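Report on the structure given below.
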Amino acid sequence: DIVLTQSPGTLSLSPGERATLSCRASQTFDTKYFAWYQQKPGQPPRLLLYSASSRATDISDRFSGTGSGTDFTLTINRLESEDFALYYCHRYDGSPPYTFGQGTRLE
Amino acid sequence: EVQLVESGGGVVQPGRSLRLSCAASGFTFSDHYMDWVRQAPGKGFEWVGRTKNREKSYTTEFAASVKGRFNIVRDDSRMSLFLQMNSLRTEDTAVYFCVTYLSGYPYWGQGTQVTVSS
């Protein structure tokens, strides 16, 4: 199974700063099927990026994604209060299981 | 507009069965893969299973944790997806989401709560 490991587990920053979140895979896979999500309490996940670097509909350009092979990064520039949430990475094609990272809490 | 609406959740005793539904609209349902994903209370996401499309012979795939207990059925004529859950365990307690991917773009429903408790 391909394991996705997110780091750090918790990231403590202030509004206006830049957040850099990492997701590392245990094996390489097709980055066309890699996404980042934001989740707030009591809500379903909100798609931020798909295909590793393409922003989803209505997502601010403060969110950007890079990565290939086994290392992926989500960058959030100029943090705003509504950005403080949980973030998950997800691989959704290739061979099952289609795993998620364990999450990074941005506080 | 793509919409996925889950239903059928509730409280069920361990060992019993439950069937979840997902009503789809806004896209050509028969062309696309459909997943079930769950999130236990206070935990991250777990992929549960997938049904591929007609072109891929409606092949199903399951997570090891549910294989042999859960089954996925799709009805393309009704644009509906179902998750048949048997031999439920307390650890199956979670919010269950249906998910589809259009040209690599994921769409999620709002989820339905399943609680397995005696």
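Top line first, the protein sequences correspond to chains A and B.
Residues in the first sequence are numbered from 1009 upward in steps of one, following the working numbering.
Residues in the second sequence are numbered from 487 upward in steps of one, following the working numbering.
We put the beta carbon where it would ideally sit given N, CA and C, even for glycine.
Because the structure is a prediction, the values reported are computed rather than measured.
Bounding residues of the beta strand (DSSP E) (the contiguous stretch that carries residue i)
| i | result |
| --- | --- |
| V559 (chain B) | 556-561 |
| G590 (chain B) | Premise fails: G590 (chain B) is in no beta strand (DSSP E) and is neither H nor E. |
| F568 (chain B) | 566-571 |
| F1042 (chain A) | 1042-1047 |
| T546 (chain B) | 546-548 |
| F531 (chain B) | 531-537 |
| R524 (chain B) | 520-525 |
| Y1100 (chain A) | Run containing Y1100 (chain A): none; DSSP gives neither H nor E here. |
| Q1015 (chain A) | For the sequence presented, residue 1015 (chain A) should be read as Ser rather than Gln. Residues 1012-1015. |
DSSP bridge partner residues for residue i (one or two, in chain order)
| i | result |
| --- | --- |
| G496 (chain B) | B:V600 |
| Q1110 (chain A) | In DSSP, Q1110 (chain A) forms no bridge with anything. |
| R1054 (chain A) | A:Q1046 |
| F1080 (chain A) | A:C1031, A:G1075 |
| V491 (chain B) | B:A509 |
| L1019 (chain A) | A:L1114 |
Cβ distance (whole Å) where residue i is taken to contact residue j below 8 Å
| i | j | result |
| --- | --- | --- |
| I1084 (chain A) | A1033 (chain A) | Rounded, the Cβ-Cβ distance is 21 Å, inconsistent with contact. |
| L588 (chain B) | V488 (chain B) | 7 Å |
| E532 (chain B) | C508 (chain B) | About 17 Å; that fails the 8 Å criterion. |
| T1112 (chain A) | G1017 (chain A) | 7 Å |
Cutoff 8 Å; reference residue i; Cβ partners in own chain excluding five residues on either side
| i | result |
| --- | --- |
| P527 (chain B) | T579, A580 |
Residue i beta carbon near the ligand NAD (any heavy atom closer than 7 Å)
| i | result |
| --- | --- |
| G597 (chain B) | You won't find the ligand NAD in this model; it holds no ligand whatsoever. |
Same chain only: Cβ atoms within 6 Å of residue i, ignoring 5 sequence neighbours per side
| i | result |
| --- | --- |
| T601 (chain B) | V497, T579 |
| Y1100 (chain A) | Y1041, Y1106 |
| T1039 (chain A) | A1060, S1076 |
Spatial neighbours of residue i in its chain, beta-carbon cut-off 7 Å, leaving aside the 5 residues before and after
| i | result |
| --- | --- |
| K538 (chain B) | Y519, Y544, T545 |
| R502 (chain B) | L574 |
When the options are compared against residue i, the one with the closest alpha-carbon
| i | options | result |
| --- | --- | --- |
| Y1058 (chain A) | B:S551, B:Y591, B:L506 | B:Y591 |
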